[in-house]
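**Student:**
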Amino acid sequence: MIPRTPRTRRPRACLALALAAVLLAGCWDKTELNELAIVTMIGLDEDPETGQITAYYQIVNPLTSVTTSGSAGGDQAPVYTYTVSGKSFGEIRKIIYKMLPRKLFIAYYRAVVVSERMARHGMQDIVNIIQIQPTGRASVPVLIAGDPMDKIMNTLTPLEMYPGESVSLRLNLLRQQSLLVGKRIAVRDVAERMERSECVVLPILETVGQAPSPNFSTITGTVNAYDSNLRITGGAVIRDYKMVARLNDDQLIAYFLLLGNKGWFTKQFMVEGRPITMNAKLGKFSRKLGEKPRIMLHLDLAFHYAIEYMPKSQAELERMEREVANKVRDELREFCLKAKQLGVTLPKIQNPEDVRIDVNAHLEHVSSLTRPF
Amino acid sequence: MPVRKRLTGDNARKREQDLLARIREILGSPPDLVCHAVIPGDQATDPALCIYLETLVNRSTINDYVLGSLQRGKFSEMQAPGAESSAFLQEFPPNLDMEELARQAADVLVRGMCVVVEPSGPVSFVRVTDPKQRQVDTPVSEISIRGPNEGLAESIITSLGLLRKRINTPQLRFESMQIGYVTRTTVVMAYVENVAPDELVREMRRRLKAIHTDSVLESAYIEEFIQDRALTTFPTMLNTQRADVVAGHLLDGKVAVLVDGSSYALIAPVTFFELFNSPEDYYQRADIATFIRWIRLLSFFIAVFVPSLYVAATTFHQEMIPGALLLSLSAQREGVPLPAFAEVLLMELVFEIIREAGIRMPRVAGQALSIIGAIVLGQAAVDAGLITAAIVIVVSVTGIANFVVPTYSFGIAQRLIRFTFVILAGFMGLFGILCGTLFLIAHLASLKSFGVPYLSPLAPAYPADWRDVLFRAPRPNMGARPPMFIRNLKKKNRNING
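So the sequences go chain by chain: A and B. Sequential numbering from 1404 applies to the first sequence in my numbering. Sequential numbering from 4 applies to the second sequence in my numbering.
Right, here's the structure in full:
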């Protein structure tokens, strides 16, 4: 018999290790793409009286994805909404496969919509259930449903075929171009703000037109985007995981300016008794905390929509900048005075009504015309 | 000096006939064996015999010189002292018996010489070799846009001449030896004295002399005998057809091995990063050369990892795929019967078969192969829902990236590794790829080429040599030659037996 030397033992040891490695993670946990139910948007509702939770999963219909040879699905709906009810999230997950033939894949959902009644009752469980799951993305934005959940979750959107994608894209545009949506609206932001006893303002999602859309061909066959669509409008103030108030568009702009969010917004101001539409964007933002908190804002102005009037001299321009700054300052002060009533908090500032606000504005972007016709 | 016994009359004629018969017997009566009987003009005695293999000799030299001299009865050459082995005309030793003489005569005949048997004089042989060979041609496997395009030839004399033309120094050394008991192939070891480390030259000489084989028909035969490790897919010696590449490496202190009958020279030592270098890197501006070198590195990673990453991402780690891409891939997967792993493996195999067929197939049939490959196996298979379009793209990109590497043998290594990684990814996903990568790095770190660590000059680190690894510094800033990892062989006097 050949004695076992280290030389002969080594390959055997390598083989044993290699076989052991196969046991660590193996092909039995593999999942093909066509075995997945890809969720694009989740809706959650809770009946405050019975405690019954209803989850809506909008799942992509892969046949409608556009390829070079066109859409294979024809007039099929791009998403299917699966509705499951249960007493807990665990129970919902347990029974969903009674209806769903594929493995639920929630790593790609683009938005979570929470019904208003559930938001008013408390959103703590939602934050926890999303954070606790390994594949549950805490960076996904949370929206509050302004209409019944089944109506929202069964509404298809034109142009962007997946409603979750459509909502996600609109949130970005509203943040950058209108300052109607804040930067911090993800699940993790809700958790962070609530733990700091601060508020968070989440966008509100509503339906327009004849939603819910009966079938996909009515969406693709009509020219009017309002026949069936979703709309983001207003903001829901969330404190202690509960919705406490709604904000309108002007209040949203004021609130996000006071938070230091940078995004373009458009307003009409009265300058020397004449209206002028200005684009503005927060340039610099600074805060001083203490007994007498102070917020200083510097606005960059643009003339992109100022067709009503345009200053003709340096003095006129400076007057205009001053008046715009004063107007914004007054609106912000007014918002601060109402803050407690609206349930809104400002980070690390106990009494928003005591905040001193300084605003100055400077024209940074001129238009293509120096004088409107 | 042995006294030659002069033969006359019947004895001489019988000796000639016996010798011719014996030679013919030893050679097996080949059809190209020619024997001329020439009667010298000045005396009407017995004829002299001129024997040669007409497929190996230069006929005009035979006609003009050998036969002419025999007819004139003047057949001699002044030999330089010590030039016996290379002289034009040599005599067999006079004291050989018939059997030994016939054996030696047959031996020189197959080397392309002409045996002349003078009736009453010595038996001699004349160097009239005219090997059938190609002219110096463009190297087919290593074309460059800029720079010389002279490839080594099958004739070793031509190849040596191409090297001499580039390195005009008396320090250029060629050591010749014959390897192969049957083929007795001329193998030449080339190096530049005082530039190549003595240890390296000694080791190469030792390894070459230790070869025991019947035949050497190509430099690959030699490579398998002298390479450091047989069980690796990575080449530990560089093979090239380009004369300028051989010259460049010789100037870097390396040793080249040229084999008669092969247009490929072997160069040692070689490191992993040198396999990414192309001769064109040194004929282009430094910034362009650096950019192209990075493209090659990127292509290496694409060629090795893209199919396995695709398999891992689509079957184990779907959350890593960007949303839009996930939806697109998901749509493509609908109705496809095979799992992604099997799809990739199958398509890679098909691609390898097409590639191999493309090399062997006659050029006229190449177009048919392209059509079958592109349309039938690509488009039709996708349209039929047998495979996804993404797989076709992955396999195509991988295949193209594989051709970017300048060293063909390294490209083959990449192909083998790619299959290993695909299997690992199919079983274990990214975890498998990570394990494979660690094994690969450990394996590369364990390799040596004639004593030089394969991953040098990065590991072990020789910062002085980094100017020509991932970046190619402008020539004035290139630093001294040869590189440190070569010079260190000399300095450390380390044992380089692998």
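No residue lacks a Cβ here, since even glycine has one placed at the ideal position from N, Cα and C.
1) Just the Cα atoms here: how many angstroms apart are Ser127 (chain B) and Met101 (chain B)?
2) Beta carbon of Ala15 (chain B), beta carbon of Pro122 (chain B): below 7 Å?
3) Between the Cα of Ile1441 (chain A) and those of A:Ile1456, A:Tyr1483 and A:Asp1432, spot the shortest distance and give me the residue it belongs to.
4) Within this structure, are the beta carbons of Glu1726 (chain A) and Val1762 (chain A) separated by less than 7 Å?
5) Residues in the region 301-327 of chain B with C-beta within 8 Å of chain A's C-beta atoms, listed in sequence order?
6) Compare the Cα-Cα distances from Thr401 (chain B) to each of B:Leu332, B:Leu36, B:Phe304 and B:Pro409 and report the closest residue.
7) Under a three-way DSSP split, which group does Pro1561 (chain A) fall into?
8) Assuming Gly183 (chain B) and Ser218 (chain B) form a contact by the criterion Cβ under 8 Å, report the distance between their Cβ atoms to the nearest whole angstrom.
9) If you reduce the DSSP assignment to three classes, tell me which class Pro1544 (chain A) lands in.
10) Taking 6 Å as the cut-off, is the C-beta of Ile1679 (chain A) nearer than that to any heavy atom in the ligand NAD?
11) Is the beta carbon of Thr141 (chain B) sitting closer than 7 Å to the one on Gly124 (chain B)?
12) Can you look up Met240 (chain B) in the DSSP assignment and give me helix, strand or coil?
13) Could you confirm whether any beta carbon from chain A is found closer than 7 Å to the beta carbon of Glu351 (chain B)?
14) Hey, does Glu1726 (chain A) have any beta-carbon neighbour from chain B nearer than 7 Å?
15) Cβ of Leu437 (chain B) less than 7 Å from any chain A Cβ?
16) Of all the options B:Gly338, B:Val407 and B:Leu300, which has the alpha carbon lying nearest to the alpha carbon of Ser147 (chain B)?
17) So for Met207 (chain B), helix, strand or coil by DSSP?
18) Examine chain B for any beta-carbon lying closer than 7 Å to the beta-carbon of Asn1575 (chain A), and answer yes or no.
19) Could you give the distance in angstroms between the alpha-carbon of Glu1598 (chain A) and the alpha-carbon of Glu1563 (chain A)?
20) Kindly say whether Leu332 (chain B), judged by its beta-carbon, lies nearer than 7 Å to any beta-carbon of chain A.
21) Is DSSP giving Tyr1459 (chain A) helix, strand or coil here?
22) How many Å lie between Pro477 (chain B) and Arg288 (chain B) at the Cα?
23) Tyr1485 (chain A): which of A:Val1545, A:Thr1457, A:Asn1754 and A:Leu1662 sits nearest, CA to CA?
24) Determine, using beta carbons only, whether Cys38 (chain B) and Val119 (chain B) come nearer to each other than 7 Å.
25) According to DSSP, is Tyr1511 (chain A) part of a helix, a strand, or is it coil?
26) Could you give the distance in angstroms between the alpha-carbon of Ile1752 (chain A) and the alpha-carbon of Glu1595 (chain A)?
27) Quick one: which residues of the region 177-206 of chain B get their C-beta closer than 8 Å to a C-beta of chain A? List them in chain order.
28) For Leu59 (chain B) and Thr161 (chain B), which I take to be in contact (beta-carbon distance under 8 Å), what is that distance rounded to the nearest angstrom?
29) Give me the subset of the region 376-390 of chain B whose CB atoms are less than 7 Å from a CB atom of chain A, sorted by chain position.
30) Could you tell me which whole beta strand (DSSP E) segments of length 3 or greater appear in the region 1569-1618 of chain A?
31) How would you label Ala327 (chain B), buried or exposed, when you count the other beta carbons within 10 angstroms and need 16 or more for buried?
32) Within the same chain, show all residues whose beta-carbon is closer than 8 Å to that of Ala1589 (chain A), passing over the 5 residues directly before and after it, in chain order.
33) Among residues of its own chain, excluding the 5 on either side of Gly1612 (chain A), which ones have a beta-carbon nearer than 7 Å to its beta-carbon?
34) Listed in chain order, which residues of the region 1507-1521 of chain A have Cβ atoms closer than 7 Å to some Cβ of chain B?
35) Can you list, in chain order, the residues of its chain whose CB lies under 6 Å from that of Val1647 (chain A), leaving out five sequence neighbours each side?
36) Which residues in the same chain as Phe1382 (chain A) place their Cβ atom closer than 7 Å to its Cβ, once the five residues preceding and following it in sequence are excluded?
**Tutor:** Taking the structure as given:
1) 14 Å
2) yes
3) A:Tyr1483
4) no
5) Thr317, Thr318, Phe319, Gln321, Glu322 and Gly326
6) B:Phe304
7) coil
8) 5 Å
9) strand
10) In the structure on display, the ligand NAD does not appear, and there are no ligands present to speak of.
11) no
12) coil
13) no
14) no
15) no
16) B:Val407
17) helix
18) no
19) 36 Å
20) yes
21) strand
22) 7 Å
23) A:Thr1457
24) no
25) coil
26) 17 Å
27) none
28) Going by Cβ atoms, the distance from Leu59 (chain B) to Thr161 (chain B) rounds to 17 Å, so no, they are not a contact pair.
29) none
30) 1603-1612
31) exposed
32) Ala1541, Ser1542, Val1543, Pro1544 and Val1545
33) Tyr1629, Asp1630, Ser1631 and Asn1632
34) Phe1508, Ala1510 and Tyr1511
35) Val1640 and Gly1746
36) Absent from the model: residue 1382 (chain A). The displayed extent of chain A is 1404 to 1776, so no value can be given.
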